[in-house]
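The structure appears below as structure tokens.
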Amino acid sequence: MQNKTVFDYLPDMDVISEEIPNAIAAGWEKQKLRTVTEADMKMVLAKERLSPDDYFILISPIAEKFMPEMAAKAESLRRRYFGNNVYAFSPLYIANYCENGCRYCGFNAQSSIKRSMLTTAEIEAEMQALAAEGIEDVLLLTGESARFSSVAYIETAVGIARKYFRVVGLEVYPANVADYRRWQMAGADFVTAFQETYDPTVYDYCHPYGHKRSIIYRMNTQERAIMGGMRGVGFGALFGLSDPLHDAYALGLHAYLIQRKYPQVEIAISFPRIRPTHGTSGVGDTHKIGEKKLMQYILAMRIFLPFAAITVSTRERKEFRDAAMAWGATKISASVDTGIGRRCNAHAEDEGEEQFVIADTRTLHEIETDLEEKGLYVLRNDYIRL
Numbered sequence: 001m002q003n004k005t006v007f008d009y010l011p012d013m014d015v016i017s018e019e020i021p022n023a024i025a026a027g028w029e030k031q032k033l034r035t036v037t038e039a040d041m042k043m044v045l046a047k048e049r050l051s052p053d054d055y056f057i058l059i060s061p062i063a064e065k066f067m068p069e070m071a072a073k074a075e076s077l078r079r080r081y082f083g084n085n086v087y088a089f090s091p092l093y094i095a096n097y098c099e100n101g102c103r104y105c106g107f108n109a110q111s112s113i114k115r116s117m118l119t120t121a122e123i124e125a126e127m128q129a130l131a132a133e134g135i136e137d138v139l140l141l142t143g144e145s146a147r148f149s150s151v152a153y154i155e156t157a158v159g160i161a162r163k164y165f166r167v168v169g170l171e172v173y174p175a176n177v178a179d180y181r182r183w184q185m186a187g188a189d190f191v192t193a194f195q196e197t198y199d200p201t202v203y204d205y206c207h208p209y210g211h212k213r214s215i216i217y218r219m220n221t222q223e224r225a226i227m228g229g230m231r232g233v234g235f236g237a238l239f240g241l242s243d244p245l246h247d248a249y250a251l252g253l254h255a256y257l258i259q260r261k262y263p264q265v266e267i268a269i270s271f272p273r274i275r276p277t278h279g280t281s282g283v284g285d286t287h288k289i290g291e292k293k294l295m296q297y298i299l300a301m302r303i304f305l306p307f308a309a310i311t312v313s314t315r316e317r318k319e320f321r322d323a324a325m326a327w328g329a330t331k332i333s334a335s336v337d338t339g340i341g342r343r344c345n346a347h348a349e350d351e352g353e354e355q356f357v358i359a360d361t362r363t364l365h366e367i368e369t370d371l372e373e374k375g376l377y378v379l380r381n382d383y384i385r386l
């Protein structure tokens with residue numbers, strides 16, 4: 001069965017309040033034709049606490065003239081609440097089967113890439129190898145296929161991960177509250193879900209079929225994860241798919257609304273840009289953003305949500321990531337491989353291909369060395385699960 005529009009649910013999907021998705025849509029309607037002046041920028045930079053209206057000013061085109069002032073304020077807030085610390089983690093891809101038709105993704109169901117799903121023994125071997133590199137915070141990823149990467153399969157992987165890592169995050173398909181409860185009980189701490197784009201028209205085009213076609217179900221992922229007991233949730237938009245101003249505003253508002261509703265929950269925000277991958281040539285060409293604009297969004301988010309963790313992906317070159325860590329970001333991925341089963345290389349012919357091309361290939365130790373030269377200290381974890 002296929003949902004006809006992006007606003008439809010499938011029968012197996014939890015339906016919870018649409019309060020937050022509706023507020024995000026209403027917020028954009030309020031802001032999208034707004035004119036921002038230099039006087040507005042000066043007023044916002046003088047404020048201690050910001051509203052969503054103020055955040056829109058910081059991401060507006062005119063704010064580019066105030067990048068030095070934004071950087072100074074963002075860095076001050078970053079040092080106040082996070083000190084010189086940068087939190088390191090590593091993603092671990094355990095399967096790349098997918099049932100969605102995302103036009104921009106190398107894992108999509110029509111892609112000709114080699115598919116792979118690690119066995120329990122292979123998952124453990126990969127985790128042992130990753131832990132040996134010094135990683136203590138792991139993010140487990142799969143393609144979006146509940147048929148191959150079942151709830152039970154992910155539950156087993158989480159249980160193994162708890163043996164080797166102090167923090168276990170998940171970036172898998174959006175699930176129901178009961179599923180998140182199972183994963184949380186198995187040892188998962190954190191759930192990340194990228195909305196990709198908040199524009200319903202573009203979302204419709206980019207997601208022609210699959211569970212991911214339901215925009216509201218996806219937008220409510222973080223809330224369902226919290227209802228399932230997760231202590232932290234992550235947000236992201238894939239910049240390049242749609243109007244970046246729309247996605248940057250909606251992304252910030254989404255995180256803000258969840259933080260207001262669930263103040264006990266840790267919030268993390270990512271700013272990935274679309275990267276080359278299998279069979280997606282031309283997707284994202286219309287709305288590309290450069291490094292300056294991306295940095296503006298990172299600085300704006302730090303000023304708007306001073307307590308939130310901010311991650312910059314290995315999609316970006318190392319020089320940009322290091323600068324972002326100094327000015328506003330706080331979380332960095334290290335020792336990254338977006339392929340399946342490559343650390344142990346026990347069955348090279350069966351390895352699954354990567355999701356996208358990465359730009360920063362540094363190991364954890366290399367990142368530690370580079371950031372220490374900038375006066376930043378890499379923490380491998382800051383949490384003890386009781």
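To convert, note that position 102 of the sequence shown is 102 in UniProt numbering; the numbers rise steadily by one, no gaps. Beta carbons are placed, not taken as given, at the ideal position from N, Cα and C, and that holds for glycine.
When secondary structure is reduced to three states using DSSP, GLY27 falls in the helix class. VAL233 is classed as buried because its beta carbon has at least 16 other beta carbons within 10 Å across all chains shown. The beta carbon of LEU371 sits closer than 7 Å to those of VAL86, ASP322, MET325 and VAL378, all from its chain and outside the five residues before and after it, given in chain order. Around GLU368, the same chain offers VAL378 as residues with beta carbons nearer than 6 Å, after the five sequence neighbours per side are excluded. Its Cα nearest to that of ILE274, the residue VAL312 stands out among LYS42, GLU266 and VAL312. In this structure, ILE94 sits away from ALA146, with a CB-CB distance that is not shorter than 7 Å. Residue range 190-196 is occupied by the beta strand (DSSP E) that includes GLU196.
Assigned with DSSP and collapsed to three states, PRO244 falls in helix. In this structure, the CA atom of PHE56 is about 13 Å from the CA atom of GLU64. Bridge pairing for LYS331: TYR87 and THR311 [DSSP]. Look at ARG80 here: in three-state DSSP terms it is helix. Look at TYR377 here: in three-state DSSP terms it is strand. Between ASN100 and LYS4, the C-beta gap is not smaller than 7 Å, which leaves the two residues out of contact. Within the same chain, Cβ atoms closer than 6 Å to the Cβ of TYR203 are found at VAL6, THR197 and ILE215, the five residues on either side in sequence being excluded.
Nearest to PRO68 by alpha-carbon distance, out of GLY341, LEU299 and VAL167, is LEU299.
TYR9 and SER150 have their alpha carbons spaced roughly 20 Å apart. Rounded to the nearest angstrom, the gap between the Cα atoms of MET219 and LEU238 is 14 Å.
If you look at ASP360, you'll find it isn't in any alpha helix (DSSP H); DSSP assigns it neither H nor E.
For ALA193, the closest of HIS246, ALA175 and MET227 by C-alpha to C-alpha distance is ALA175. For ALA237, no alpha helix (DSSP H) run applies; the uninterrupted beta strand (DSSP E) run containing it begins and ends at 232-237, by DSSP.
When DSSP states are grouped into helix, strand and coil, ALA146 belongs to the coil group. In the three-state scheme derived from DSSP, where H, G and I count as helix and E and B as strand, ARG273 is classed as strand. In this chain, the beta strand (DSSP E) harbouring VAL138 covers 137-141. Your pair ILE269 and MET301 checks out as a contact, with CB atoms roughly 6 Å apart and the cut at 8 Å.
Judged by DSSP secondary structure, GLU368 falls within the alpha helix (DSSP H) whose first and last residues are 364-372.
Excluding residues up to 5 positions away in sequence, ILE24, GLY27 and PRO52 lie with their Cβ nearer than 6 Å to the Cβ of LEU253 in the same chain. Assigned with DSSP and collapsed to three states, GLY169 falls in strand. Contact between the segment 174-191 and the segment 110-124 is absent: fewer than 3 CB-CB pairs across the two stretches fall below 8 Å. Following the DSSP letters along the chain, one finds GLU124 inside the alpha helix (DSSP H) bounded by residues 120-132.
Comparing alpha carbon positions, the residue from GLU19, LEU58 and SER111 closest to ALA39 is LEU58. Each residue's CA atom was taken as its position, placing CYS98 and GLY83 some 40 Å apart. Of the residues PHE66, GLN264 and LEU33, the one whose Cα lies closest to the Cα of VAL44 is PHE66.
PRO306 and TRP327 have their C-alpha atoms some 12 Å from each other. By the Cβ neighbour-count rule, GLN195 is buried, with 16 or more other Cβ atoms within 10 Å of its own. Here ALA308 has ILE267 and ILE269 as same chain residues with Cβ atoms under 6 Å from its own Cβ, once five neighbours each way along the sequence are excluded.
Pairing ILE135 with SER90 gives a Cβ-Cβ distance under 7 Å.
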